[in-house]
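A.B. asks:
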Amino acid sequence: MDYKGRYEEWLHSKYMDEETKEELLSIKDNEKEIEDRFYRDLEFGTAGLRGKIGVGTNRMNKYIVARATQGLADFIIEKGKKYMDRGVVIAYDCRHFSKEFAKKTALVLAGNGIKAYLFEDLRPTPELSFAVRKLNTAAGIVITASHNPKEYNGYKVYWEEGSQILEDVASAITTKIQNIKDFSVIKTMDEKDAVKRGLLSILGKEIDDVYIENVKSLGLRENIDKEIKIVYTPLNGTGNIPVRRVLKERGFKNIIVVPEQENPDPDFTTVGYPNPEDVKAFAYAEKLGKKVGAEILIATDPDCDRLGVMVKGEKEEYVSLNGNQMGAIFIQYILEAKKEQNTLQEDAYIVKSIVTGDLGKAIAKSYGVKTFEALTGFKNICGKVNELEKLGNNNFVFGYEESIGYVAGNFVRDKDGVIASELLCEAAAYYKGHGKTLLDVLEEIYKKYGYYQEKLVSIVLEGIEGQNRIKRMMEKFRTEYPTDIKKSKLSKYIDYQKQVSFDFLKEKEESIEIPISNVLKFVFDDHSWYAIRPSGTEPKIKVYMYTKGDTLEEAQEKLKNIEEVVMKQLEEVE
Numbered sequence: 001m002d003y004k005g006r007y008e009e010w011l012h013s014k015y016m017d018e019e020t021k022e023e024l025l026s027i028k029d030n031e032k033e034i035e036d037r038f039y040r041d042l043e044f045g046t047a048g049l050r051g052k053i054g055v056g057t058n059r060m061n062k063y064i065v066a067r068a069t070q071g072l073a074d075f076i077i078e079k080g081k082k083y084m085d086r087g088v089v090i091a092y093d094c095r096h097f098s099k100e101f102a103k104k105t106a107l108v109l110a111g112n113g114i115k116a117y118l119f120e121d122l123r124p125t126p127e128l129s130f131a132v133r134k135l136n137t138a139a140g141i142v143i144t145a146s147h148n149p150k151e152y153n154g155y156k157v158y159w160e161e162g163s164q165i166l167e168d169v170a171s172a173i174t175t176k177i178q179n180i181k182d183f184s185v186i187k188t189m190d191e192k193d194a195v196k197r198g199l200l201s202i203l204g205k206e207i208d209d210v211y212i213e214n215v216k217s218l219g220l221r222e223n224i225d226k227e228i229k230i231v232y233t234p235l236n237g238t239g240n241i242p243v244r245r246v247l248k249e250r251g252f253k254n255i256i257v258v259p260e261q262e263n264p265d266p267d268f269t270t271v272g273y274p275n276p277e278d279v280k281a282f283a284y285a286e287k288l289g290k291k292v293g294a295e296i297l298i299a300t301d302p303d304c305d306r307l308g309v310m311v312k313g314e315k316e317e318y319v320s321l322n323g324n325q326m327g328a329i330f331i332q333y334i335l336e337a338k339k340e341q342n343t344l345q346e347d348a349y350i351v352k353s354i355v356t357g358d359l360g361k362a363i364a365k366s367y368g369v370k371t372f373e374a375l376t377g378f379k380n381i382c383g384k385v386n387e388l389e390k391l392g393n394n395n396f397v398f399g400y401e402e403s404i405g406y407v408a409g410n411f412v413r414d415k416d417g418v419i420a421s422e423l424l425c426e427a428a429a430y431y432k433g434h435g436k437t438l439l440d441v442l443e444e445i446y447k448k449y450g451y452y453q454e455k456l457v458s459i460v461l462e463g464i465e466g467q468n469r470i471k472r473m474m475e476k477f478r479t480e481y482p483t484d485i486k487k488s489k490l491s492k493y494i495d496y497q498k499q500v501s502f503d504f505l506k507e508k509e510e511s512i513e514i515p516i517s518n519v520l521k522f523v524f525d526d527h528s529w530y531a532i533r534p535s536g537t538e539p540k541i542k543v544y545m546y547t548k549g550d551t552l553e554e555a556q557e558k559l560k561n562i563e564e565v566v567m568k569q570l571e572e573v574e
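Mapping the sequence shown onto full-length UniProt numbering, position 392 (from 1) lands on 392, and the numbers just tick up by one.
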């Protein structure tokens, strides 16, 4: 059935309510809008669902959420009564319809005889991961679109380890969803009946308290300057209560919150694009920071799984630290403290993504700590932790990726902005006591390990045409790519989709163990490299560029050269 047929089917369906039909009628003369809403089903991948809010098969709405939940329910039912009784825990963020989608999810699960645990109000995504492990549920769901603009929402699924589902589970659930041809087969239950039958329980303080205690247990040092002045913005999301609580209970005395961005706001009125990776998101925090003399600024994204940081520099201006730089500082701080305290285990390890820089790996190596690599995304980073845990290694120290996601400890299996906030503030307070800022620490790291520089360029290409152009870009770089960029010579080409690595120096092709993914990586003989991949959650193609030099200037020059050559070749693809 084409998009017009799907549109008509929804418009005349007995299952759709009047409000839905009114929205459909409002676009009846907009052919392009109808096509975009109905040309495909919103894809259920390893990140679950994510899309613009609205009516249609390619949108986030209560019908698509209900169908996805029915598919998940069918998968759990197939696993047996034990999994059904263990149930599913559900959290949600501050976005439009998050609460409604969460409740719809709970009632569809209940309608299928599966126990649902629903948080009473907004909670950060990492607390959902914690709750799955704490309650020993079969799965978890969080309604969030992370840092996407206000028009978006999403549906992220976790499996019993507390980490996001991987390809095998996602594929099985997708099959179940695709088998649902009629919305009328979706089972549901009245809320009062669900509670009465013990199929719906509301969660609150009891989970919060245990989660916060676990976060606090990750503290490494008490002899720190807790008078350090910190400005925090939750960017109108879910981080306000848990981040402030942890910092207060850890004894920090000067946490100043940006008042305009303190409370939930689904429209993100003061920020627009609530991504703390973008320095523009810090505009209000910078203004307040200068007013109160803050030494660092921190920001968590709306579902509080990522942390952005800015540090006061020499000229009283705030300097942004990217995910690679912060990852290096975290690793240096954690390993240094553990070594001093003789708590660094022999088989301790860290995990990073394949598109994250190598500076953290160099630091870990100097402490005798191994680095494992995983595909992009914390589902893969924590998936590696799950894998190693099953092999008997419980000495995971730290996981991170360049897109400002970090986690420590074994009680959360996802990136965690609450944990990251606590460890970051502790590190900054510790180094302040030694007369250093985080910028000073970073410079010391560069002097010891080399100057690593990085840049991420994201090309936004929306709609069907955009998707097709992204495919052509990837196809071109699989067959045509630069072998020399100034003095840098290509030494290795890795195609993660074909699971092969070709070494140009040895003229040898080898298979790689990392799972299949549509990523290309090009490594040069001077430790420079770049990688290209389509985003799994947004209409973008991403280019990650990394260099290493003996001086900052040398590393930056190499970065400029790579960017010029690679971006020119990408832009030539029509």
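Ideal placement from N, C-alpha and C gives every residue a C-beta, glycine not left out.
1) Which two residues bound the contiguous alpha helix (DSSP H) that contains Asp193?
2) Using the C-alpha atoms, what's the distance from Tyr92 back to Ser98?
3) Taking DSSP as the reference, what is the three-state secondary structure of Gly51?
4) Does DSSP put Ile255 in a helix, a strand or coil?
5) Is the number of C-beta pairs between the stretch 139 to 153 and the stretch 33 to 40 that are closer than 8 Å three or more?
6) Taking just the CA atoms, how far does Thr188 sit from Lys62?
7) Use the C-beta contact count for Lys548: other C-beta atoms within 10 angstroms, 16 or more gives buried, fewer gives exposed.
8) Should the stretch 527 to 537 be regarded as contacting the stretch 45 to 60, the criterion being three or more beta carbon pairs within less than 8 Å?
9) Could you say if the stretch 426 to 440 and the stretch 500 to 508 meet the contact criterion of at least three C-beta pairs nearer than 8 Å?
10) Could you compute how far the alpha carbon of Ile494 sits from the alpha carbon of Tyr117?
11) Fully enclosed by the stretch 398 to 452, which beta strand (DSSP E) runs are 3 residues long or longer?
12) Quick check on this structure: which residue in Lys338, Lys176, Gly219 and Ser491 has the alpha carbon closest to the alpha carbon of Phe522?
13) Verify whether the separation of the beta carbon atoms of Val418 and Val385 is less than 8 Å.
14) Just the Cα atoms here: how many angstroms apart are Leu200 and Leu359?
15) DSSP three-state call for Lys508: helix, strand or coil?
16) Please state the DSSP three-state secondary structure of Asp168.
17) In the DSSP assignment, find the unbroken alpha helix (DSSP H) run with Met326 in it and report its ends.
18) Run through DSSP, which three-state label would Asp74 get?
19) Okay, do the stretch 203 to 222 and the stretch 402 to 419 touch, 3+ Cβ pairs below 8 Å being the bar?
20) By how many angstroms is the C-alpha of Ile514 removed from the C-alpha of Gly377?
21) Taking all protein chains shown into account, decide if Val460 is buried (16 or more other Cβ within 10 angstroms of its Cβ) or exposed.
22) Under three-state DSSP, which class holds Arg59?
23) Taking Ala106 as the reference, give the member of Lys79, Ala68 and Glu314 with the closest Cα.
24) Are Pro302 and Asn240 touching if we call contact CB-CB under 8 Å?
25) Who are Trp159's beta bridge partners in DSSP?
26) Could you give the uninterrupted runs of the beta strand (DSSP E) lying entirely in the stretch 90 to 136, keeping only those of 3 residues or more?
27) Closest to Tyr544 by C-alpha separation, out of Ile532, Tyr496 and Ala555, would be which residue?
28) Keeping to the same chain, check which residues put their C-beta closer than 7 Å to that of residue 634; ignore five residues upstream and five downstream.
29) Just to confirm before moving on: does the CB-CB distance between Ser421 and Val243 stay below 8 Å?
30) Please name the residue or residues paired with Trp10 in a DSSP beta bridge.
31) For Glu277, is the beta carbon positioned less than 7 Å from some heavy atom of the ligand HEM?
32) Is it buried or exposed, residue 592, if we count other Cβ atoms within 10 angstroms and call 16 or more buried?
33) Can you name the start and end residues of the alpha helix (DSSP H) that Ser366 belongs to?
34) What residues in its chain sit with their C-beta under 7 Å from that of Val65, if we drop five residues either side in the sequence?
35) Less than 8 Å between the CB atoms is what I'm expecting for Ala427 and Tyr546, so what's the real figure, rounded?
36) Suppose contacts are defined by Cβ-Cβ distances below 8 Å. Is Tyr7 in contact with Leu25 by that definition?
C.D. replies: Once the coordinates are examined:
1) Stepping through the sequence shown from its first residue, residue 193 is reached at position 193. Per DSSP, Asp193 belongs to the alpha helix (DSSP H) from Glu191 to Lys196.
2) In the sequence shown, residue 98 corresponds to position 98, counting from 1. In the sequence shown, residue 92 corresponds to position 92, counting from 1. If I take the Cα positions, the gap works out to 6 Å.
3) Here the question's residue 51 lines up with position 51 in the sequence shown. Strand at Gly51.
4) Numbered from its first residue, the sequence shown carries residue 255 at position 255. The three-state secondary structure of Ile255, taken from DSSP, is strand.
5) no
6) Taking the sequence shown and counting its residues from 1, one reaches residue 62 at position 62. Taking the sequence shown and counting its residues from 1, one reaches residue 188 at position 188. Roughly 12 Å between the two C-alpha positions.
7) Against the sequence shown, residue 548 aligns to sequence position 548. The residue is buried, with at least 16 neighbouring Cβ atoms inside 10 Å.
8) The stretch 527 to 537, when compared against the stretch 45 to 60, does touch it at the 8 Å Cβ threshold.
9) no
10) Locating residue 494 in the sequence shown gives position 494, counting from the first residue. Locating residue 117 in the sequence shown gives position 117, counting from the first residue. Cα-Cα distance, rounded: 43 Å.
11) 405 to 408, all fully within the stretch 398 to 452.
12) The sequence position of residue 522 within the sequence shown is 522, counting from 1. Phe522 has its Cα closest to that of Ser491, out of Lys338, Lys176, Gly219 and Ser491.
13) Here residue 418 corresponds to residue number 418 of the sequence shown, with the count starting at 1. Here residue 385 corresponds to residue number 385 of the sequence shown, with the count starting at 1. Contact check for Val418 against Val385 fails: the beta carbons are separated by 8 Å or more.
14) The sequence position of residue 200 within the sequence shown is 200, counting from 1. The sequence position of residue 359 within the sequence shown is 359, counting from 1. If you take the alpha carbons of Leu200 and Leu359, they lie about 47 Å apart.
15) Position 508 of the sequence shown, counted from the start, is the residue given in the question as residue 508. Strand, per DSSP.
16) Within the sequence shown, residue 168 is the residue found at index 168, counting from 1. Asp168 carries a helical assignment under DSSP once its states are collapsed to helix, strand and coil.
17) Taking the first residue of the sequence shown as position 1, residue 326 is located at position 326. Element bounds for Met326: Gly323 to Glu340.
18) Numbered from its first residue, the sequence shown carries residue 74 at position 74. Note: Asp74 maps to helix in three-state DSSP.
19) yes
20) Here the question's residue 377 lines up with position 377 in the sequence shown. Here the question's residue 514 lines up with position 514 in the sequence shown. One C-alpha to the other measures close to 13 Å.
21) Within the sequence shown, residue 460 is the residue found at index 460, counting from 1. Label assigned to Val460: exposed.
22) Translated into the one-based positions of the sequence shown, residue 59 becomes position 59. Coil.
23) Working through the sequence shown from its first residue, we reach residue 106 at position 106. Nearest C-alpha to Ala106: Ala68.
24) Your numbering for residue 302 matches position 302 in the sequence shown. Your numbering for residue 240 matches position 240 in the sequence shown. Contact: no.
25) In the sequence shown, residue 159 corresponds to position 159, counting from 1. Its beta-bridge partners are Ala139.
26) 116 to 119
27) Counting from one through the sequence shown, the residue named residue 544 turns up at place 544. Closest by alpha carbon: Ile532.
28) Absent from the model: residue 634. The displayed extent of the chain is 1 to 574, so no value can be given.
29) Position 421 of the sequence shown holds residue 421. Position 243 of the sequence shown holds residue 243. Between Ser421 and Val243, the C-beta gap is smaller than 8 Å, which places the two residues in contact.
30) As a working mapping, residue 10 is identified with position 10 in the sequence shown. The partner list for Trp10 (beta bridge, DSSP) is empty, contrary to what the question assumes.
31) Annotation note on the ligand HEM: not contained in the displayed structure, which lists no ligands.
32) Past the boundaries of the shown model lies residue 592; the chain is included only from 1 to 574, so the question cannot be answered.
33) What you label residue 366 is simply residue 366 of the sequence shown in a count that begins at 1. The continuous alpha helix (DSSP H) containing Ser366 extends over residues Leu359 to Ser366.
34) Position 65 of the sequence shown, counting from 1, holds the residue named residue 65. So the list reads Phe101, Lys104, Thr105 and Tyr155, once near-sequence residues are dropped.
35) Mapped onto the sequence shown, residue 427 falls at position 427. Mapped onto the sequence shown, residue 546 falls at position 546. With a Cβ gap of about 24 Å, Ala427 and Tyr546 do not count as contacting.
36) Along the sequence shown, one-based indexing puts residue 7 at 7. Along the sequence shown, one-based indexing puts residue 25 at 25. Cβ distance not < 8 Å, so Tyr7 and Leu25 don't count as in contact.
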